[in-house]
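Colleague: Once you've had a glance at the structure underneath, I'll fire off some questions.
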Amino acid sequence: MVVYFTYPVVVNLQVEQEKRMEFPAVTVCNLNRMKLKYEMCLLENPKSRDCVVLTQPNSGSLVLSERRNYLSCTSQLNGTKMKEAVTRVSFLEKYSQLRVEKKKRFGHFKRELVEHCSFNGKISDVFEFKDILNPRYGNCFTNKFTNLVTTTRSEGSTGLEMILNVEPDDYLPISHTVGARIVIHSPSDNPNPEDNGINIIPGYETIIYLRQTVMRRLPAPYKDRCVSYQNNQDRLMKSQTLCMQACIQQYNYKECGCVEPSLPAKLSMKRCNATNTSEICCLDDVMNQLAIHGTDCECPLSCNSTYYNEKRTMTIWPSNVSFFSRKSSLNKTSLKVIEPPMQKLKYFSQI
Numbered sequence: 001m002v003v004y005f006t007y008p009v010v011v012n013l014q015v016e017q018e019k020r021m022e023f024p025a026v027t028v029c030n031l032n033r034m035k036l037k038y039e040m041c042l043l044e045n046p047k048s049r050d051c052v053v054l055t056q057p058n059s060g061s062l063v064l065s066e067r068r069n070y071l072s073c074t075s076q077l078n079g080t081k082m083k084e085a086v087t088r089v090s091f092l093e094k095y096s097q098l099r100v101e102k103k104k105r106f107g108h109f110k111r112e113l114v115e116h117c118s119f120n121g122k123i124s125d126v127f128e129f130k131d132i133l134n135p136r137y138g139n140c141f142t143n144k145f146t147n148l149v150t151t152t153r154s155e156g157s158t159g160l161e162m163i164l165n166v167e168p169d170d171y172l173p174i175s176h177t178v179g180a181r182i183v184i185h186s187p188s189d190n191p192n193p194e195d196n197g198i199n200i201i202p203g204y205e206t207i208i209y210l211r212q213t214v215m216r217r218l219p220a221p222y223k224d225r226c227v228s229y230q231n232n233q234d235r236l237m238k239s240q241t242l243c244m245q246a247c248i249q250q251y252n253y254k255e256c257g258c259v260e261p262s263l264p265a266k267l268s269m270k271r272c273n274a275t276n277t278s279e280i281c282c283l284d285d286v287m288n289q290l291a292i293h294g295t296d297c298e299c300p301l302s303c304n305s306t307y308y309n310e311k312r313t314m315t316i317w318p319s320n321v322s323f324f325s326r327k328s329s330l331n332k333t334s335l336k337v338i339e340p341p342m343q344k345l346k347y348f349s350q351i
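Following this line, the structure appears as structure tokens:
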């Protein structure tokens, strides 16, 4: 009873309709993490000068689901499928060993991917791009406003517009899908393309309407026991997802003596060999046991969470008339060959 009267309100739910909302950050990635011309750099002793890059310590790499999508302890593949799975896992194993500078150098650059970017119809300096290296998609670029920018429902005809060029001729053979990965998130949050992103395909204008929902939770002793991950100085604890990954790696290291190479981990922890059957089976067994029995991970929800409900519309872009008005020297038979593989994106906001 003493505790009850000390904290009489356990749940306090308030719903507010704001007239203005902060415009979100947008992270853009190419679905191809590494350019084809750099594939030779994965060889044991590459001779090309393009492969020479000044390096610093590795920062970790792949996401767990990617390796298991291709090859796991229980995989029963034959012939061509088995060969393809081994090829993919072999690439992931070699790519995960590359140092940060090489991963950045071998990927697509911002000036190549983002051909045009404007806000409210104007190309201005109200935003800047921050480079982010993602284990699954390589170089990603987050568009953040230099100052707080708000918008209202009445401003539905304005917003952020980008034209992207994904350069499909530079794709690796293992990259089966052509396009871009887009993440719309709060400027204060780290983007998570693997779990929260959407794919955009070339040759279309995609318009995305947003409805923002903000949730603020209470820390202990209230039930949510939320945590402000943004204030954590540990790079492996910057979000609930990263917290769970770090916890899972502790289980992996305890049971297998090595950690999942597709998850971030402390440099002191040995990485498992993705082509070693016994080590991969051990990692899969750990995950299966955690899925059945749960974990003791202390990774509660974030105290502040921002979600965006997205509504998309797509139309073919550009039209033949529009394309040839800009390329007057071309004829229609050359359209499919010469037309750049680009997509046009527009982001509008709704309260």
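Sequential numbering from 1 applies to the sequence shown in UniProt numbering.
Every residue gets a Cβ at the ideal spot worked out from N, C-alpha and C, and that includes glycine.
1. Where do the N-terminal and C-terminal ends of the beta strand (DSSP E) with Y251 fall, by residue?
2. Suppose only complete runs of 3+ residues qualify. What are the beta strand (DSSP E) ranges in the stretch 134–183, listed by chain order?
3. Is it buried or exposed, I123, if we count other Cβ atoms within 10 angstroms and call 16 or more buried?
4. I'd like to check one pair, T213 with A25: are the Cβ atoms closer than 8 Å?
5. Which residue comes first and which comes last in the beta strand (DSSP E) that contains I316?
6. Please identify the residue among T306, L92, M342 whose C-alpha is closest to the C-alpha of R217.
7. Is the distance from the Cβ of I200 to the Cβ of I174 below 8 Å?
8. Note down the Cα distance separating L290 from C117, rounded to an integer number of angstroms.
9. Within this structure, are the beta carbons of I292 and C73 separated by less than 8 Å?
10. Cβ of C272 within 8 Å of Cβ of C256?
11. Taking the alpha-carbon positions, what's the N139 to Y171 distance?
12. So Q250 packs on P264, CB below 8 Å; how close in whole Å?
13. Answer with buried or exposed for A180, where buried requires no fewer than 16 other C-beta atoms within 10 angstroms of its C-beta.
14. Considering only residues of the same chain and omitting the five flanking positions on each side of C299, which have a CB-CB separation below 7 Å?
15. Looking at the unbroken alpha helix (DSSP H) that takes in S278, where does it start and where does it end?
16. Around the C-beta of R20, are 16 or more other C-beta atoms found within 10 angstroms, so that it is buried, or is it exposed?
17. Tell me, which residues are paired with T27 by DSSP?
18. What are the start and end residues of the beta strand (DSSP E) that includes L113?
19. Which of the three DSSP states, helix, strand or coil, is assigned to residue 353?
20. Kindly list the residues whose CB is nearer than 6 Å to the CB of Y229, restricted to its own chain and excluding five residues on each side of it in sequence; keep chain order.
21. So, helix, strand or coil for L36, using DSSP?
22. Roughly how many whole angstroms lie between the Cα atoms of T87 and D234?
23. Assuming N252 and V286 make a contact with CB atoms under 8 Å, what is their CB distance in whole Å?
24. Pull up the distance between the alpha-carbon of T313 and that of S319, whole angstroms please.
25. Using a Cβ-Cβ cut-off of 8 Å (strictly less than) and excluding sequence neighbours within five positions of L54, which residues of its own chain qualify?
Modeller: In brief:
1. Not the beta strand (DSSP E): Y251 falls in the alpha helix (DSSP H), residues 240–256.
2. Segments of the beta strand (DSSP E) lying fully in the stretch 134–183: 138–145, 160–165.
3. Answer is exposed; the Cβ neighbour count stays below 16.
4. Against a cut-off of 8 Å, the Cβ pair of T213 and A25 comes out as no contact.
5. Start and end: 304–316.
6. Per the Cα distances, T306.
7. Judged by beta-carbon spacing, I174 lies beyond the 8 Å limit of I200, meaning their Cβ atoms are not closer than that value.
8. Straight-line spacing of the CA atoms in L290 and C117 works out to 44 Å.
9. Contact check for I292 against C73 fails: the beta carbons are separated by 8 Å or more.
10. By the CB criterion at 8 Å, C272 and C256 fall inside the cutoff.
11. Going from the Cα of N139 to the Cα of Y171 covers about 14 Å.
12. In fact, because the Cβ distance is near 12 Å, the residues do not count as touching under 8 Å.
13. It is buried - the Cβ of A180 has at least 16 other Cβ atoms within 10 Å.
14. Closer than 7 Å at Cβ, skipping near neighbours: Q240, C243, M244, C247.
15. Start and end: 277–293.
16. Counting the other Cβ atoms within 10 Å of the Cβ of R20 gives fewer than 16, which makes it exposed.
17. Under DSSP, the beta-bridge partners assigned to T27 are T142, V183.
18. Segment 110–113 is the alpha helix (DSSP H) holding L113; no beta strand (DSSP E) there.
19. Residue 353 lies beyond the residue range present for the chain, which begins at 1 and ends at 351; the question has no answer from this structure.
20. Contacts found: K238, S239, S302.
21. Three-state DSSP puts L36 in a helix.
22. Between the alpha carbons of T87 and D234 lies a gap of roughly 34 Å.
23. Yes, N252 and V286 are in contact; Cβ-Cβ is about 5 Å, under 8 Å.
24. If I take the Cα positions, the gap works out to 16 Å.
25. Confidence at L54 is low in this model, with a pLDDT of 39, below 50, so the placement of that residue should be treated as unreliable; the coordinate-derived value is given next. Non-local C-beta neighbours of L54 in its own chain, meaning closer than 8 Å and more than five positions away in sequence, comprise E101, ordered along the chain.
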